Amino acid sequence: MKTTLVLSTALAGMAFAAAAQEVNVVSWGGAYEVSQVEAYNKPFTAETGITVNMIAADNPATPLKAQIEARNVTGDVFDIEVSDAIRLCDEGALMEINPDDLPAAPDGTPASEDFIEGALQDCAVANIFWGTVIAFDGSKFEGEKPTSAADFFDTEKFPGKRGLPKNPKRTLYLALIADGASPDEIYDLLGTPEGVDRAFAKLDSIKNDVVWWEAGAQPVQLLADGEVVMTTGYNGRFFDAMVGEKKPFEIIWDGQYMDMDMFVIPKDAPNPEAAMEYLKFATDTQRLADQAKYIAYGPSRQSSAALVGMYQDGTTEMAPHMPTNPEHMTTAVMDDPEFWADHDAELTERFNAWLAGS
Amino acid sequence: MANALDPHAAIATTATGLADGRLRTADGKPLARALARSQSRARRRAFLLVLPLLAFILITFVVPIGQMLQRSFYNDGFSAHMPALGQWFDENPRGTDPDEAAWTALATDLEAAAEARTIGIVGTRINYDVPGTRSLFTSTGRQVRRGIEPPYREALLEIDEGWAEPRLWSAMRNASTPLTGNFYLAAVDRTRADDGSVVQVEERQRVYVMLFMRTFWLSLVITVITFALGFPIAHLLATLPMRKSNLLMILVLLPFWTSLLVRTTSWMVLLQQQGVINDILVWLGVIGGGQRLQMIYNQTGTIIAMTHILLPFMILPLYSVMRTINPSYVRAARSLGATSWTAFRRIYFPQTLPGLGAGALLVFILAVGYYITPALVGGSSGQLISNMIAMHMTDTLNWSMAAALAALLLGAVLLLYWVYDRMVGIDNLKLG
C-alpha cells in the first residue's frame, strides 16, 4: 500500500514535471518563425530548460478560435493580430495580463511606459510592428518601375498578374489608396456603403489579373516563380527573400498597412505558468531587439529601438527596412481593431460574394 | 441435462408433452417459450458483438453531427448572458416601446456581462443580425464596467446614441430566445426586415444560393466526365487478359493511394501559367509567350483536379460489375443479327447500370462535399459551398451559419438519395 502511494506520487510528480517542461507556441511559420526561434526560443530553452514546441499556422487566430469553440485548447501562447486579441479578450477566452508582471526596460522604465501606445492590451502584449507592402521583381521591368499603390492597379502601364490576400482587410484599403483616398480617411470611407462600393469598383478593375494568396509564405513564392509581377505581402518576408536569399525584389512603401502581432495566452492553456514565463522572456527589451536581427519587423518597446543594429549577415543596416521607419510611415494605414471587430463579418461576406461572382 | 437447443430434448418433449396439445421440453416448459428465450440469448450475444461498432458510430458520428446541426437553430450567445432583458421581453409583447424597466434590465445585464467578460459573445450574436453593432456592446461594456448611474436610458444614450435604434431592439428580442431560424434564412440569402418579414438580402451580398447551384452543377459535370473517362477503362480492365489488366489496375490504384494534397499540388505544378504544360505549348510554338493559358486558380482547375481525384470511385464499381457480365450474352445478340452498337446499347450497357449508378452516386456525393481541392486550385470562380462552410468554421467562427449551410447540403444529398431510390432502386446499387 505504502509503495503504491509513493510510486503514484512519484509518477504524478513526474507527469507534472514533464508537463511543466514544455510550452506550445503557435505562430505564423516561415521566415518569421525562424526569427522567433533564434531570438526567443533558443535562449529561453537554454535559460529555463523548458522546451518550446513551435506550431505554424496561416493565421494562428484561426486554430485558437476553433480550439476555444471546441473547448479543447492545446496551444499555450498564440501570436495573433490586435483585432483578434481584443475580440477574444472581450469574449473572455484569454488570460488577462498585468503590465506590472512584465520586465522593465534596462534603464528601469516600467513596462507600461516602455511599450509603444496600443502595444499593451488587457489580455495581450505586442512583440512587433509589421507592414503589408507591395513588392515587385525588379528584373522583370526594363523601363519604368512601379512606385505607388496606384501603379499596382494600373495594368495598362504595368501588365501582368497581381497577388492579393484573400480577405477584405488587406485589399479594400489598398484599392481606396490607389483610388486617391488619403490614409486617414480609410475607415470613415469603409464605414459607409458608398466607400465600400468605391473600393470594390477599384478592385473590379484588376479582378481578372489577381492571383489570391492565403499564407504569408505564398506571395514570396508567387513572385519568385514569376506567377505574378507584383504582389502585396508581409514586409519581413520580402526582406528575408531580398537580403537573405538575394532575390531582385523591390518594395513599395506607399500605402503600407501597419499592424501589430500580439502574444496571448488562452484561459484554458495546458501549461499556463510556462506560457507566462515565455511571454515575459520574449517581450523583454533585448529579445525584441534581437528578433530584428533576423527579420525586418519593428520592436514594440521604445527601449529596443536603440539596440537594433545590423542584420545577422553583419553588413546590412536594418533601419531602412523597418516598417516603422518615419519615411515609410507617411502614407501608412494603421490597423483599426475596433473597426474590424465590428465590420469584419459583414465585409468578409460582401468580399466573398464579390469574389465568387463572375 | 435438458437443453433447449438439443434436438433430442425437443423430441423427448414430443413424446411427453402432448397432454395439452403444446410441445414441451424435457423439463416440462413450453417449447416455443424455451426456443424464444434461447434465441433471444443468442441475439443478445450477437448484439454485444456489434455493440463496440454501434458505440463508435454513436460517439464519433451521430453525436457530433447532431450537436453541429443543433447549432444551426440554437444559439444562446445572447439569451444565456442577458437574463434580465430576456425576462422583460417575455413580459412585454412585441411592439412595446422599451420603458425604464427595459433600460434598467439592459444596463444590469451589460454590467454583469462586462464583468464576466462575456459581452463579446453577446455582441457577436447581435452582430450577425445587425452588422456593425459588436463594438457598441464591447465599448459600452468597457464604460459600464467603470460604473453606471440611473436613469439608465439617458446614461446609455450618453455612451452611444446607437442604443435607441429600433432595429437593434428588434434583433435583441429575436435573440432573447436561443431558438432561431435566422441562420437558415441567411444560408439562402434571406434576412428579416425590421417588421419581421422575410426579404432577400441586397444583391451584392447574395452568395450562398449561387454557390449551392454552382456546387451541384460542377458536381454533375464532374460526374459526367468521370463516367466518360472511366467507362472505357473499366471495360478494358474487365476484359483484358489477367496480366495486362493487373498492370492497368495498378495504374488506376496508384494515384488512389497517393496523398490527396500531393496530387492536387502536382496539378498546380502542371497547370500554372509558368508550369509544365504552358512551357511545352510555348516551346512547341502553339501559343506565344504572352498568351499562356490560365488553366488553374479558376473553375477549369477545379474540374480537372477533382475529376482526376474522383475517377477511381467511378472506375472501381463499374469494373466490379462488368467483370461479372457474361460475354456470351453479347455474342448471342451478335449471332442473332444485332450490330455491335445495338448489342452494346441493348445488351451490354443495361447490365452495367448497377455499377454506373453506384459510381455516379459516389462521385456526385463526394464532389458535393469537396473542399480542399477547390480551396487550393479553385481561385475565386472555382470555390464551392463547402469552402464557405470551412470559412465559417475556421475564420469567422460563425458555427451556427456553418451548421445551417451544412444542414442544407446534407438535406439536398438525402433528397437526391431518395430520388435515386425511387427511380433506380437502392437494391440495384453494386459497390463491388
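Chains X and U, in that order, give the protein sequences.
For the first sequence, UniProt numbering begins at 1 and goes up steadily by one.
For the second sequence, UniProt numbering begins at 1 and goes up steadily by one.
Cβ atoms here follow ideal geometry from the backbone N, Cα and C, with glycine treated the same way.
It should be emphasised that the depicted structure is a prediction, and the values quoted were computed from it without experimental measurement.
Extent of the continuous alpha helix (DSSP H) to which residue i belongs
| i | result |
| --- | --- |
| residue 50 of chain U | 31–57 |
| residue 422 of chain U | 399–423 |
| residue 274 of chain U | Counting along the chain, residue 274 of chain U falls outside any alpha helix (DSSP H), and DSSP gives it neither H nor E. |
| residue 334 of chain U | 327–335 |
| residue 350 of chain X | 337–356 |
| residue 198 of chain X | 193–204 |
| residue 22 of chain U | Careful: residue 22 of chain U lies outside any alpha helix (DSSP H) and carries neither H nor E. |
| residue 257 of chain U | 242–257 |
| residue 103 of chain U | 100–115 |
Beta-bridge pairing of residue i - partner residues as DSSP gives them
| i | result |
| --- | --- |
| residue 80 of chain U | Paired residue(s): none; residue 80 of chain U is not in a bridge. |
| residue 299 of chain X | X:128 |
| residue 51 of chain X | X:22 |
| residue 56 of chain X | X:27 |
| residue 234 of chain X | X:132 |
| residue 205 of chain U | Residue 205 of chain U pairs with nothing; no bridge assigned. |
| residue 74 of chain U | U:179 |
| residue 115 of chain X | X:301 |
Boundaries of the beta strand (DSSP E) in which residue i is found, first to last residue
| i | result |
| --- | --- |
| residue 227 of chain U | Not the beta strand (DSSP E): residue 227 of chain U falls in the alpha helix (DSSP H), residues 208–239. |
| residue 253 of chain X | 249–264 |
| residue 78 of chain X | 77–81 |
| residue 164 of chain X | 162–165 |
| residue 200 of chain U | 198–200 |
| residue 190 of chain U | 190–192 |
Option in the options with minimal Cα separation from residue i
| i | options | result |
| --- | --- | --- |
| residue 343 of chain X | X:234, X:191 and X:116 | X:191 |
| residue 324 of chain U | U:224, U:351 and U:423 | U:351 |
| residue 253 of chain U | U:314, U:69 and U:288 | U:314 |
| residue 197 of chain U | U:407, U:171, U:154 and U:245 | U:171 |
| residue 185 of chain U | U:200, U:178, U:175 and U:427 | U:200 |
| residue 79 of chain X | X:322, X:302, X:330 and X:283 | X:283 |
| residue 366 of chain U | U:223, U:151 and U:134 | U:223 |
| residue 28 of chain X | X:46, X:56, X:231 and X:299 | X:56 |
| residue 185 of chain X | X:335, X:341 and X:31 | X:335 |
| residue 65 of chain X | U:394, U:424 and U:413 | U:394 |
| residue 346 of chain X | U:207, U:298, U:423 and U:103 | U:207 |
| residue 357 of chain X | U:346, U:383 and U:333 | U:383 |
| residue 131 of chain X | X:197, X:211, X:311 and X:174 | X:174 |
Short CB-CB distance (under 7 Å) between residue i and chain X
| i | result |
| --- | --- |
| residue 207 of chain U | yes |
| residue 134 of chain U | yes |
| residue 120 of chain U | yes |
| residue 232 of chain U | no |
| residue 131 of chain U | yes |
| residue 70 of chain U | no |
| residue 397 of chain U | yes |
| residue 380 of chain U | yes |
Length of the line joining the Cα atoms of residue i and residue j
| i | j | result |
| --- | --- | --- |
| residue 17 of chain U | residue 358 of chain U | Only weak support is given to the placement of residue 17 of chain U: the predicted model assigns it a pLDDT of 45, under 50, and the question is left unresolved by the model. |
| residue 233 of chain X | residue 82 of chain U | 42 Å |
| residue 227 of chain X | residue 195 of chain U | 51 Å |
| residue 355 of chain X | residue 250 of chain U | 40 Å |
| residue 349 of chain U | residue 238 of chain U | 14 Å |
| residue 142 of chain X | residue 286 of chain X | 43 Å |
| residue 77 of chain U | residue 123 of chain U | 9 Å |
| residue 262 of chain X | residue 396 of chain U | 19 Å |
| residue 169 of chain U | residue 203 of chain U | 25 Å |
| residue 236 of chain X | residue 85 of chain X | 21 Å |
| residue 378 of chain U | residue 308 of chain X | 43 Å |
| residue 331 of chain U | residue 343 of chain U | 8 Å |
| residue 101 of chain X | residue 281 of chain X | 11 Å |
| residue 278 of chain X | residue 24 of chain X | 10 Å |
| residue 280 of chain U | residue 221 of chain U | 28 Å |
| residue 288 of chain U | residue 306 of chain U | 29 Å |
| residue 159 of chain U | residue 109 of chain U | 16 Å |
| residue 172 of chain X | residue 156 of chain X | 21 Å |
| residue 176 of chain X | residue 202 of chain X | 7 Å |
C-beta neighbour in chain U for residue i, strict 7 Å
| i | result |
| --- | --- |
| residue 7 of chain X | Residue confidence for residue 7 of chain X is low, a pLDDT of 49 falling below 50, so the modelled location carries little weight; the figure read from the coordinates is stated next. False, the Cβ-Cβ gap to chain U never drops below 7 Å. |
| residue 350 of chain X | yes |
| residue 298 of chain X | no |
| residue 46 of chain X | no |
| residue 315 of chain X | no |
| residue 227 of chain X | yes |
Any chain B beta carbon closer than 7 Å to residue i
| i | result |
| --- | --- |
| residue 273 of chain X | Absent here is chain B; the protein component of the structure consists of chains X and U. |
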